[in-house]
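The block underneath contains the structure these notes are about, expressed in structure tokens.
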Amino acid sequence: DSGVTQTPKHLITATGQRVTLRCSPRSGDLSVYWYQQSLDQGLQFLIQYYNGEERAKGNILERFSAQQFPDLHSELNLSSLELGDSALYFCASSLGQGATGELFFGEGSRLTVL
Amino acid sequence: GENVEQHPSTLSVQEGDSAVIKCTYSDSASNYFPWYKQELGKRPQLIIDIRSNVGEKKDQRIAVTLNKTAKHFSLHITETQPEDSAVYFCAACRISGGYNKLIFGAGTRLAVHP
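Protein sequences appear in the order of chains A and B. When the letters of the first sequence are read in order and numbered with this note's numbering, they come out as residues 1 to 114. When the letters of the second sequence are read in order and numbered with this note's numbering, they come out as residues 1001 to 1114.
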């Protein structure tokens, strides 16, 4: 158990819909990262938050948005869903400043868009 | 932008043989190079990492080497076992304060045959 909690574990929805994925980082970790892993693909970096502020952005679509709340949990919002958005979405956390850089991954949220 | 290339994409070895996975990175400011292992249906987990002030690091059957001049690093697994079968991801990161943007390679699917 990494200490990172992601909900829901599985989600099935239709094209055009909107979903919210939630992540609770490890206790004490200030950074939260979101990665997308499509079938048999690598880990595509979406976005990073550190202590509530956006710190880095990857190839995140405009239809996607995220935020980190004062209690440090994070949500990834995916809207106007398309078939190609079907993927495993991982959240990871790290201590952030002064840390080794190790990311602790959650179990992922598997999104299926029909 | 930052980019990490990883080769080969698939690797098949016999139990007891060695396996080598190679990565190159583009951001010369990268100073932290972790390797993650992802077993089927599981989350990625850190197996070994190396910082830019070190050329080689070993942990039992696993070793990582880094050539900063050439901007490439490699994972070496000796005496492979069936439980080493997984997807391995290299990554590069510039650790700076709360900024730990970790860019992953595309992954190597390692199959160890008994």
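Don't be surprised by glycine CBs; every beta carbon is placed ideally from N, CA and C.
query	result
Taking 8 angstroms as the threshold (beta carbon to beta carbon), is A/S2 in contact with chain B?	yes
In the DSSP assignment, the beta strand (DSSP E) including B/R1051 goes from what residue to what residue?	1045–1051
Please work out which residues of its chain come closer than 7 angstroms, Cβ to Cβ, to A/G98, disregarding the five sequence neighbours upstream and downstream, and give them in chain order.	Only weak support exists for where A/G98 lies, its pLDDT of 48 falling under 50; the value from the coordinates is given anyway. Answer for A/G98: no residue qualifies.
Quick one: does B/P1008 have its CB under 8 angstroms from some CB of chain A?	no
For the candidate residues B/N1003, B/Q1081, B/S1030, whose alpha-carbon lies nearest to that of B/N1053?	B/S1030
Contact between the segment 69–85 of chain A and the segment 1008–1023 of chain B: three or more CB pairs below 8 angstroms?	no
Quick one: grab the DSSP three-state call for A/P25.	coil
Excluding the 5 residues flanking A/L21 on each side, which residues of the same chain have their C-beta closer than 6 angstroms to its C-beta?	L76, Y89, S109
Just mark A/Q41 as buried or exposed, buried being the case when its beta carbon has 16 or more other beta carbons within 10 Å.	exposed
Within this structure, are the beta carbons of B/V1112 and B/S1085 separated by less than 8 angstroms?	yes
List the endpoints of the continuous beta strand (DSSP E) containing A/I47.	44–50
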